[in-house]
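If you want our numbering, it's the 1-based position in the sequence shown plus 822.
Report on one structure; see the data block that follows.
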Amino acid sequence: MRKLVLGLVALAVASSLFALPPAKETFILSAGQGPGSGTSQWRTDAWVFNPSATQKAIVDIYFLPRTTGSGGNPTPTSRRIEVNALETRELAGILSTTFGLSGTSFGALRFVSDQDVVVTGRIFDANVKVQGQTSTGTAGQFYPGLSSALAIGNGQYTDIVGLAQDTATRSNLAFVEVSGNAANLKIERISASGIVKATITEAIGAYGVRQINNVLEKLQGASTTNQRVRMTVTGGAGKVLVAASRLDNITNDPFTIEMTTTAGTGIPATGTFEGMVTVHSQDGERVDGGLRIVVGSSAVTDYAGVAGIVCGSVPFTLDFGPDLGTSIPISGNAFTAPAVAIRYEDAPNHTIFTTTWTLTGTRAANGTWSGTLTSVTAGGTGDWASCNGTVSHAWRAGWVSD
C-alpha cells in the first residue's frame, strides 16, 4: 500500500477528523472554584476543539450555578468565544478568567455552538500537598463534554456503577437538566447483587444543576462499597445528564463515573463510529487526528483515520487504514487489528518511509469505543531519517450512523 505525503494534511483532516461526541450542544456536568472538603481548593479548566478544516465556530458558554430542589437557571450568565478551523481553545481557570467570577462558585457549563465541536474539562484540587515536597500540586478528574442527545427523559433511567462510602472513600452524584424543562426524579441504591436497598425522590428545574454529596449516605448506604445508583425520570418534560465522583478521603483525589445508557436510549452496538486521536505532549493531551471505525455484529469491518508523526521539529499528518476493508473479530467487547504497513511517498513511486499501524479497541458499557493506535515508522533516510520512530496514540469514538 502506498500513499502520498505532500498535500496530505489538509485533505485528510478535512474528511476524517471528528469529535466525540460531534455535537452543537454539550455539557460539562461539574465545574467550580473555591474550597471543598478538608483543605481542597477546586478549580476548573476547559478545552474547545473545532474539527472543521474550513469553518470557524461561534461558541456561547453558559455557567449554570448549582440549584436546590426544583430550582432552575432561567437567565444564566454567558460568554461568547470564537474557535478557528482546527483550533483548540484552552480556557484555564474558566470561571475566573472567562466569566470573571472571584468568589466561590460551583455548577455546570453549557456549550452551544454553530458548528460541531468537542468539549472537554477538568475539575481539580489545586492545593495538594505531598510529603517531602515544599510546593503544592494538583489532583483532579476529567469530564467529557456530553451531548444533550444522551440525556434521559420521562420513563427512562441511567445507572452509575461502582460507588462507595466509607472511611476511605466518598461518592457525590451530579445531574443537570439540559432541555429547559423541569423533571421529577427517582434515585435508587442497588446492591452488588442487584437488590434495591433504598429510594429517594428529587426534582430539578429548567437548566438546574444539582449535586448530592455523600449520596450513599442519603440512600442509607453508609459504610458500603460496590454500589450502583439508578436515576429514573418519573415526570415532567425535562431531560437529565448524570455523573458521579468517587473521592479518596485522605488525598481528595477524585475520578469520574459516567452514566450508562439504556437499550432504549443508548448508542447502537453496530454502525459507524467516529472520534478523535490524541497524543500526550509536554503540555498534556492534545488532539492529533481522527478515526472512523465500522462495527458489525461480531467484527470491525473497516476503519480509516489520520494521525501525526514528528520528523525532527516538523509535524506530519498521515492517513492510515486497510486498502479494501477488513474483518477483525470482536471478542469480549475488544479487538486487535492486524498490523498494516503503508509506504508513504513524496512523489509517485518514490517511497520516503514506511509506517506500520496497529489499532486496538475496547467497547465501554455505554457503547462508545476507545483504545490505542501505535505507529512505527522506519526506512526514512536523508531529510526523512528523523521521521523514524514509534508514536503511541489514544483514541475514542462514538456512534454517528447506521
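Note that CB positions come from ideal geometry on N, CA and C, so glycine has one too.
Item to check | Residues that GLN1042 bridges to, as DSSP identifies them | outcome: Start at 1 with the first residue of the sequence shown, and residue 1042 comes out as number 220. Answer by DSSP bridge pairing: none, since GLN1042 is not bridged.
Next on the checklist: Considering only the alpha carbon of each residue, which of LEU1041, GLY1027 and VAL950 lies closest to SER993?
Outcome noted: Your numbering for residue 993 matches position 171 in the sequence shown. Residue LEU1041 is the option with its Cα nearest to SER993.
Checklist entry - For ALA1219, does the count of other Cβ atoms within 10 angstroms reach 16, so buried, or fall short, so exposed? => result For this step, residue 1219 is matched to residue 397 along the sequence shown. That one is buried.
Item to check | Member of ALA1028, ARG865 and ARG888 whose CA lies at the smallest distance from the CA of SER918 | outcome: Taking the first residue of the sequence shown as 1, we reach residue 918 at position 96. Ranking ALA1028, ARG865 and ARG888 by Cα distance to SER918 puts ARG865 first.
Checklist entry - Looking only at its own chain, which residues have a Cβ that is under 7 Å from the Cβ of GLY891, when we skip the five neighbours before and after it? => result As a working note, residue 891 is residue 69 in the sequence shown. Excluding sequence neighbours, GLY891 sits near ALA1025.
Next on the checklist: Check this for me: beta carbons of LEU1113 and VAL1099, under 8 Å apart or not?
Outcome noted: Along the sequence shown, read from residue 1 onward, the residue named residue 1113 stands at position 291. Along the sequence shown, read from residue 1 onward, the residue named residue 1099 stands at position 277. Cβ atoms of LEU1113 and VAL1099: closer than 8 Å.
Checklist entry - Between ALA990 and the rest of its own chain, which residues show a CB-CB distance below 8 Å, the 5 nearest in sequence each way excluded? => result Walking along the sequence shown from the start, residue 990 turns up at place 168. ASP1070, ASN1071 and ILE1072, listed in sequence order.
Item to check | Nearest-angstrom Cβ-Cβ length linking THR1180 and ALA1156, presumed shorter than 8 Å | outcome: Against the sequence shown, residue 1180 aligns to sequence position 358. Against the sequence shown, residue 1156 aligns to sequence position 334. In fact, because the Cβ distance is near 14 Å, the residues do not count as touching under 8 Å.
Next on the checklist: According to DSSP, simplified to helix, strand and coil, what is THR919?
Outcome noted: Translated into the one-based positions of the sequence shown, residue 919 becomes position 97. DSSP, read as helix, strand or coil, puts THR919 in helix.
Checklist entry - Considering only residues of the same chain and omitting the five flanking positions on each side of GLU904, which have a CB-CB separation below 8 Å? => result In the sequence shown, residue 904 corresponds to position 82, counting from 1. Result list for GLU904: LYS878, ALA879, ILE880 and VAL881, in chain order.
Next on the checklist: I need the boundaries of the beta strand (DSSP E) containing SER1223, first residue and last residue.
Outcome noted: What you label residue 1223 is simply residue 401 of the sequence shown in a count that begins at 1. It spans 1211–1223 - the beta strand (DSSP E) in which SER1223 sits, taken as one unbroken run.
Item to check | Exposure label - ASN906; buried when at least 16 CB within 10 Å | outcome: For the purposes of this step, residue 906 is taken as residue 84 along the sequence shown, with counting starting at 1. Burial call: exposed.
Next on the checklist: What residue range does the beta strand (DSSP E) around TYR1029 cover?
Outcome noted: On the sequence shown, residue 1029 is found 207 positions in, with the first residue counted as 1. Careful: TYR1029 lies outside any beta strand (DSSP E) and carries neither H nor E.
Next on the checklist: Which residues does DSSP list as the beta-bridge partners of PRO1151?
Outcome noted: Taking the first residue of the sequence shown as 1, we reach residue 1151 at position 329. In DSSP, PRO1151 forms a bridge with ALA1121.
Item to check | Exposed unless 16 or more other CB atoms sit within 10 angstroms - verdict on ALA930 | outcome: Counting from one through the sequence shown, the residue named residue 930 turns up at place 108. ALA930 should be labelled buried.
Item to check | Beta-carbon separation (whole angstroms), VAL1051 vs ILE1009, contact threshold 8 Å | outcome: Position 229 of the sequence shown holds residue 1051. Position 187 of the sequence shown holds residue 1009. With 8 Å as the limit, VAL1051 and ILE1009 qualify as a contact, their Cβ atoms being about 6 Å apart.
Item to check | Euclidean distance between Cα positions of SER1153 and ASP1075 | outcome: Stepping through the sequence shown from its first residue, residue 1153 is reached at position 331. Stepping through the sequence shown from its first residue, residue 1075 is reached at position 253. Between SER1153 and ASP1075, the C-alpha separation is close to 34 Å.
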